[in-house]
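Peer 1:
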Amino acid sequence: MRNKTLTHLGAGTACLALILGGAVAAQATLSGTTFEGNDGNLIHATGGTDWDNVAGRNTGIDVPSGSSDNAFGQGTKEDNSAVSVVDGSIPPNKNDLTRFYEASELGSNGHTYLYLGWERLVNIGNANLDFEINHAGTAGFTSSTTGPVTLNRTAGDLLVNYDFGGSGTPTLSINTWLTAAAGNTVSQCFSANTLPCWGNHTTLGSASAEGAVNTVPVLDPIQNATLGVGLFGEASIDLTAAGVFPPGICQAFGSAFVKSRSSSSFTAELKDFIAPIAVQINNCGSITIKKVTQNEPVPGTQSFSYTTSSNLTAFSLTNGGSKTFSALPAGNYSVTEGNQSAPWNFVSLTCDTTSGVTISGQQVSIALANSQNVTCTYTNHYTNSPSIATTLSGTTVPVGSSVHDSAALTGATSTAGGTVTYTVYSDTACTAGARDAGTVTVTNGIVPDSNALTFNTAGDFYWQAVYSGDANNNGATSVCTSEHVVITKAQPSVSTAQDLIPNDNFTLSGGSSPTGTITFKLYAPTDTTCSQAPALTQTVTVTSGNGTYGTTNTTFHSTAPGTWRWMSSYSGDSNNQSASSACGVESFTISNG
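Residue numbers (mature numbering (1 follows the signal peptide of the UniProt record, and there is no 0)): -25 to -1, 1 to 568.
Shown next as structure tokens:
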């Protein structure tokens, strides 16, 4: 029966566990990262990062210890790709792994960092573990696997050796998987005498790696358990400084698992393992270009071309499409959208980050950092170019008439808005004598009529309709000379009728210094006997004896056609008899032919 010192905590012991977890001072010595990879616990200090708060943490959990636990079969060594997995073969206490943790991130200095942690069941001094990190995982190699397994190793896979002698600082080293096809030789192998093998062995110094095993009980907040002394170990590795991720080379690992060795010797037998888990360890970046069009009549039919810097290939996109360049090493890249002609307009170029990104017009330049992913979106707008036609209510009308204009848009969207302004000019260039005929609102492409204008001056006038356009339609102006209205002079009709102001004279002769009055009477044509009331009567005083006396009419008009008749009489005085003229002796006739 094994001794088990991993204790699960209830709510009442949480405070104690936190105190235990802080027994070792938290610190991080690798530049470019705040991860505390050498404090031997899982709890972060103020301003730091540890397993309780690191982003992207991945966890591998072993099959519970006992008859169902699986391990590598007898004699399996690190250089073996063909291995045997058995169950019921309980690993020695010190080699019995319970779980492991992995995380990675891009540091503030542009380096890629790998964080590893392990837990075991029992502390019996030393610990010898290897973290195998593969580009691709092995299908079917899971926590329940038994029997023969061929590990899916490819050139450049990574093996991190974690050798702890029971006290002090663990020794961390790195091997890579070497193949003959990649041009490697047996001399590069760490222990084997044939390829493929683990080789190019490098022991990591303090400038590129740090690690620690807990020397006091610590809290594992991920599983809410206390770990006894020597049951937890961790490491932080600067993969860039270690040469795993050299500048300009893209590396990506997607699978990781851990295994224990029976001793510090690299050729020692492998014992327990925790099956592979998916991870994302890479310094590879990506650039994604997306295309969005606005108001495109048939979305996805217009193709937009893009030129690139020499380290990317040119491409084309339609609405909703995207182009992703993946597995890019850090470096400088650029993408430029080709110029578009009407009816297409460039609207915007936006990216999801400003870090290393410079936008100038339709070009984006990207100084891509390790593991950086940049997505940029180009937006273009389709703008209709409608025409506007007009119809006048009249093209030749007499002076004093009213005229209005009608307009219709052709080639605009069905939801076209905006305004149309009507104006009348006195010249063919539509610049002089402007008269406002109103501004109307366009609704769903329908244009209301103008106001009616009254023309009180004869001449030639020219109407013009100007469409403002809207977000999806360009403006438009009707041709000035196409709306010509002629205002003609009025043509009066002629009819004539005589209109006379009649006056009459009366001459006295043979009298003896006559005085008295003379009465003049004018009778209308309907009174042929001068027996009705006269149309005009005027009495004149005789002041100079014999002589001629006349009327002074200035207001009465004779307009009725026919014969007008005068009849006049002298009143007489003390020395002279009265005298009269007969009806009609004096007459005049009005004839309107």
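Note that CB positions come from ideal geometry on N, CA and C, so glycine has one too.
Since the model is a prediction, treat every value here as computed from it, not as a measurement.
1. Starting from the C-beta of P251, find all residues in its chain whose C-beta is less than 7 Å away, skip the five residues before and the five after it, and write them out in chain order.
2. Report the rounded CA-to-CA distance for T504 versus L511, giving the unit in angstroms.
3. Leaving out the 5 sequence neighbours to the left and right, which residues in its chain are closer than 6 Å to T523 when beta-carbon positions are compared?
4. Hey, is I197's beta-carbon within less than 9 Å of any beta-carbon in chain B?
5. Measure the alpha-carbon distance for A57 versus T146 and round it to whole angstroms.
6. Report the residue from F321, N348 and T358 whose alpha carbon sits nearest the alpha carbon of Y308.
7. Less than 8 Å between the CB atoms is what I'm expecting for L72 and D27, so what's the real figure, rounded?
8. Buried or exposed: D132, going by 16 or more other Cβ atoms within 10 Å of its Cβ?
9. Between the beta-carbon of N13 and the beta-carbon of A217, is there less than 9 Å?
10. First and last residue of the beta strand (DSSP E) that includes W539?
11. Buried or exposed for A387, going by 16 or more other Cβ atoms inside 10 Å?
12. Give the straight-line distance between the Cα atoms of P467 and A364, rounded to the nearest whole angstrom.
13. Hey, which unbroken runs of the beta strand (DSSP E) at 3 residues or more fall wholly within the stretch 31 to 61?
14. From F47 to F106, what distance separates their C-alpha atoms?
15. Does DSSP put V233 in a helix, a strand or coil?
16. Starting from the Cα of N449, find the closest Cα among V395, K464, V461 and P423 and give me that residue.
17. Do you know offhand how far N121's Cα is from V61's?
18. If you reduce the DSSP assignment to three classes, tell me which class N359 lands in.
19. From the DSSP output, in three-state form, read off N70 for me.
20. Starting from the C-beta of G100, find all residues in its chain whose C-beta is less than 6 Å away, skip the five residues before and the five after it, and write them out in chain order.
21. Smallest Cα separation from D411: which of A427, N55 and G92?
22. Could you check what DSSP says for C225 in three-state terms: helix, strand or coil?
23. Quick check on the burial criterion: 16 or more other C-beta atoms within 10 angstroms. Buried or exposed for N419?
24. Please tell me whether N150 and G180 are closer than 9 Å, where the distance is taken between their beta carbons.
25. Report the rounded CA-to-CA distance for T513 versus I493, giving the unit in angstroms.
26. Could you name the residues of the same chain whose beta carbon sits closer than 7 Å to that of P318, not counting the 5 residues immediately before and after it, in chain order?
27. T492 lies in the beta strand (DSSP E); which residues open and close that run?
28. Can you tell me whether I264 is buried or exposed? The criterion is at least 16 other CB atoms within 10 Å of its CB, across all chains shown.
Peer 2: Taking the structure as given:
1. Sequence-distant partners of P251 (beyond 5 residues in either direction) whose C-beta falls short of 7 Å from its own C-beta, in its chain, are G112, T113, F116, S230, A231 and F232.
2. 15 Å
3. N480 and T482
4. Of the protein chains in this structure there is only one, and it is not chain B.
5. 28 Å
6. N348
7. That belief does not hold up - the Cβ atoms of L72 and D27 are roughly 21 Å apart, past 8 Å.
8. buried
9. Against a cut-off of 9 Å, the Cβ pair of A217 and N13 comes out as no contact.
10. G537 to Y545
11. Buried.
12. 36 Å
13. Fully enclosed beta strand (DSSP E) runs of 3 or longer: 33 to 36 and 45 to 47.
14. 15 Å
15. strand
16. V395
17. Here residue 121 is Thr; the residue named in the question, Asn, does not match the sequence. Roughly 5 Å between the two C-alpha positions.
18. strand
19. helix
20. G141
21. Comparing Cα positions, the closest option is A427.
22. coil
23. exposed
24. no
25. The residue you asked about is not Thr; residue 513 is Gln in the sequence shown. Using only the alpha carbons, I get a separation of about 8 Å.
26. Y357, T358, N359 and S360
27. First-last of the beta strand (DSSP E) with T492: T492 to Y498.
28. buried
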